[in-house]
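Number of protein chains: 2
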Amino acid sequence: MTTEPKDNIFQHFEKYIHLSDTLKYELTNRVSIVNFKKGELVHDADKICTKSYFIQKGLIRTYFIKDGKEISEYFSSEEEWVNSPRSFRERQLDIYYIDAIENTVAFCLHVNDLVYLFDHFPEMERYARLSMGTVFGHFMDRITSLRFTTAKEKYEHFCETYQGIYHRIPLGMVASYLGISQETLSRIRAEK
Amino acid sequence: MTTEPKDNIFQHFEKYIHLSDTLKYELTNRVSIVNFKKGELVHDADKICTKSYFIQKGLIRTYFIKDGKEISEYFSSEEEWVNSPRSFRERQLDIYYIDAIENTVAFCLHVNDLVYLFDHFPEMERYARLSMGTVFGHFMDRITSLRFTTAKEKYEHFCETYQGIYHRIPLGMVASYLGISQETLSRIRAEK
DNA sequence: AAAAACTTTTGACCTATATCAAAAAATCAC
DNA sequence: GTGATTTTTTGATATAGGTCAAAAGTTTTT
Numbered sequence: 065m066t067t068e069p070k071d072n073i074f075q076h077f078e079k080y081i082h083l084s085d086t087l088k089y090e091l092t093n094r095v096s097i098v099n100f101k102k103g104e105l106v107h108d109a110d111k112i113c114t115k116s117y118f119i120q121k122g123l124i125r126t127y128f129i130k131d132g133k134e135i136s137e138y139f140s141s142e143e144e145w146v147n148s149p150r151s152f153r154e155r156q157l158d159i160y161y162i163d164a165i166e167n168t169v170a171f172c173l174h175v176n177d178l179v180y181l182f183d184h185f186p187e188m189e190r191y192a193r194l195s196m197g198t199v200f201g202h203f204m205d206r207i208t209s210l211r212f213t214t215a216k217e218k219y220e221h222f223c224e225t226y227q228g229i230y231h232r233i234p235l236g237m238v239a240s241y242l243g244i245s246q247e248t249l250s251r252i253r254a255e256k
Numbered sequence: 065m066t067t068e069p070k071d072n073i074f075q076h077f078e079k080y081i082h083l084s085d086t087l088k089y090e091l092t093n094r095v096s097i098v099n100f101k102k103g104e105l106v107h108d109a110d111k112i113c114t115k116s117y118f119i120q121k122g123l124i125r126t127y128f129i130k131d132g133k134e135i136s137e138y139f140s141s142e143e144e145w146v147n148s149p150r151s152f153r154e155r156q157l158d159i160y161y162i163d164a165i166e167n168t169v170a171f172c173l174h175v176n177d178l179v180y181l182f183d184h185f186p187e188m189e190r191y192a193r194l195s196m197g198t199v200f201g202h203f204m205d206r207i208t209s210l211r212f213t214t215a216k217e218k219y220e221h222f223c224e225t226y227q228g229i230y231h232r233i234p235l236g237m238v239a240s241y242l243g244i245s246q247e248t249l250s251r252i253r254a255e256k
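In the order they appear, the protein sequences are chains A and B. Numbering (our numbering) for the first sequence: 65 to 256. Numbering (our numbering) for the second sequence: 65 to 256.
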């Protein structure tokens, strides 16, 4: 009995809902596998985001450009969905670019297919509600961390949140994610 | 033809989903009206949050205590839901207190009733997914605002986000919401 | 394997904002 | 309406972390 690659994404759904055979079938038909090479653009801010990616292996960055500089908004890795949220949800342009920090393998789901699934499988609505709840909590923690901590504490919070991933992300990207300068982050790292 | 007080909350749902008569009936039976006086505690961090409030009129603050000081997490007003998110979702304790900045009239929905509605009306799941999406966007904007702006810009962003509400909130609460000191905020306001 | 192109570190200096303290103003309670 | 409490403003001082510049280290390209 070999392990199908899609078991991965099924297991993720099953953390929140029961997957019927019909739903599994529909998912399998609608999801494809894509590869991104390190540095490759996954989504371009000049386009409307119509695809959502569930990362099987690898590391992805969502960023935007401010004053000519790339500012990391967040990082996503194994077992997480990535897209340009507002663009994907509201079918309009938004500021975010997405690229691969490492070679990445992901499942790809088109927004139209997702709409089909929402329309025909109420449990998908529930899945979305519940999984969004989880992300919500992280956002609130991050907001607190950004407001009331020194640069050092922000970095420590980052290391906790991105347990086992933080050392795979270049320093400059981490600094912009935290809203501190590269130099400051470099100094913080040095004193450890 | 008089206007039922519950029209208010129905209209809100109808921004996202169609409300069937049965669902309206179930909602009406499960929702009650509550009043809070200015300064009154709506939710205590020592308890698990089992109720969610939809504000009909008034202004509510969600805050937590850090080093003996009250830190405002966010403010909620007309047409918005308030609860202690993680506590309500996961039925466990969390750090947030909630109180009324102004006399407030709200609809109250118990978590058990909400679960009932989710279980019997798939459109409620959709409502939750869609309305959470909206809040998501605000969170992302706030995170950006917190990282890359001066105290003054943070305050300006706050005034935009809380259009027509910001002048109802005491300065000290706004300062802690923004993660800047009262004194700095006072100086920013002075130079206008 | 050398050159080119990035990324990170180190150093010097400067500014926005925190902190502490006290006065002024506003709000609340009797 | 007057005193008490709370909130906001103003002033003086200190500091974390920003910016600019250049050196050191690393990775990529040919």
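In this text, a Cβ means the ideal position worked out from N, Cα and C, and glycines have one as well.
Annotation: the continuous beta strand (DSSP E) that includes CYS172(B) extends over 168-174.
Leaving aside the five residues that flank LEU123(B) on each side, the residues in its chain whose CB is nearer than 6 Å to its CB run, in chain order, SER141, ILE165, GLU166 and ARG232.
CA-to-CA, the gap between THR114(A) and ILE159(A) works out to about 15 Å. Only those residues of the stretch 116-134 of chain B whose C-beta falls short of 7 Å from the nearest C-beta of chain A are listed: LYS130.
Each residue's CA atom was taken as its position, placing ALA109(A) and PHE200(A) some 24 Å apart.
Within the stretch 168-189 of chain A, the residues whose Cβ lies closer than 8 Å to any Cβ of chain B are, in chain order, PHE182, PRO186 and GLU189. For a Cβ distance threshold of 8 Å, residue set ILE207, LEU210, ARG211 and GLY243 of chain A lies close to LEU210(B), ordered along the chain. The beta carbon of PHE203(B) sits closer than 7 Å to some beta carbon of chain A. Here GLU134(B) carries a strand assignment [DSSP, helix/strand/coil]. Of the residues ILE252(A), SER240(A) and THR248(A), the one whose Cα lies closest to the Cα of GLY132(A) is SER240(A).
For ALA109(B), no CB of chain A lies under 7 Å from its own CB, so it is not counted at the interface with that chain. LEU105(B) is classed as exposed because its beta carbon has fewer than 16 other beta carbons within 10 Å across all chains shown. At a beta-carbon threshold of 8 Å, the residues of chain A lying near MET196(B) are ARG193, MET196, GLY197 and PHE200, ordered along the chain. Listed in chain order, the non-local C-beta contacts of ILE112(A) below 7 Å within the same chain comprise SER151, ARG155, GLN156 and LEU157, local neighbours out to five positions each way being set aside. Between the alpha carbons of HIS107(B) and TYR180(B) lies a distance of about 22 Å. When the five nearest sequence neighbours on each side are left out, the beta carbons in the same chain lying within less than 6 Å of the beta carbon of SER148(B) are those of HIS107, CYS113, ASP158 and TYR160, in order along the chain. Note that the C-beta distance between TYR191(A) and TYR80(A) is below 7 Å. Taken atom to atom, the span from the alpha-carbon of PHE185(B) to that of GLU78(B) is near 14 Å.
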